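**Q** Have a look at this one before I ask anything.
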Amino acid sequence: MQGSRSALFDNGRDSITVTIPEVNAETVGALIALYERAVGLYASLVNVNAYHQPGVEAGKQAAAVVLDLQRRAVALVQSDSSALSLEALAEQLGAPDQVETLYKILRHLDANGRSIRLAGDAAQPGSLKVSAR
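First residue of the sequence shown? That's 10 in the working numbering, and the numbers climb one at a time after it.
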């Protein structure tokens, strides 16, 4: 997801991220139906093939960059016993412009109980401290 988002941004394309309170058959089905109809309608309005995907390779390359950032972030956090702010972590990784990407990566890892623990108010990313799980 982060790779595709980055590839779109690099090509001047907007994107959105939708979050839902619970993943279940109803919410997933509603999202699929919504986007299926939106894509089909918009494509017919602008006379394009909505299912042609020229950015797939760019998305894969951008995803590889995000995965590398994740790998390096986890390794750094696991090697440091102190809790770090997102900004400090980004600086230590040599990626000060990637704070938002790091936030999303680390939030995902924390939510899934994988190697990272975030402490603080998730609604205020600047307050978060990152540590090893």
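We treat Cβ as the ideally placed atom computed from N, Cα and C, and that holds for glycine.
All of these numbers come straight from a predicted model, not from anything done at the bench.
#1: For A113, list the residues DSSP reports as bridge partners.
#2: Look at the alpha carbon of L127 and the alpha carbon of N56, and state the distance between them as a whole number of angstroms.
#3: Could you please give me the residues that DSSP links to A128 through a beta bridge?
#4: Would you please state the rounded distance, in angstroms, between the beta carbons of Q101 and L78? I believe it to be under 8 Å.
#5: If distances are taken between C-alpha atoms only, which option among A131, G135, A97 and L85 comes closest to A141?
**A** So, from the listed chains and residues:
#1: Within the sequence shown, residue 113 is the residue found at index 104, counting from 1. Correcting the residue type first, residue 113 is Lys in the shown sequence and not Ala. Per DSSP, K113 has no beta bridge partner at all.
#2: Stepping through the sequence shown from its first residue, residue 127 is reached at position 118. Stepping through the sequence shown from its first residue, residue 56 is reached at position 47. Going by the C-alpha atoms only, they are around 46 Å apart.
#3: By one-based count along the sequence shown, residue 128 stands at place 119. Beta-bridge pairing links A128 to K138.
#4: Residue 101 sits at position 92 when you count from the first residue of the sequence shown. Residue 78 sits at position 69 when you count from the first residue of the sequence shown. Wrong, their Cβ atoms sit about 12 Å apart, outside the cutoff.
#5: Taking the sequence shown and counting its residues from 1, one reaches residue 141 at position 132. Checked all of A131, G135, A97 and L85; the closest Cα to A141 is L85.
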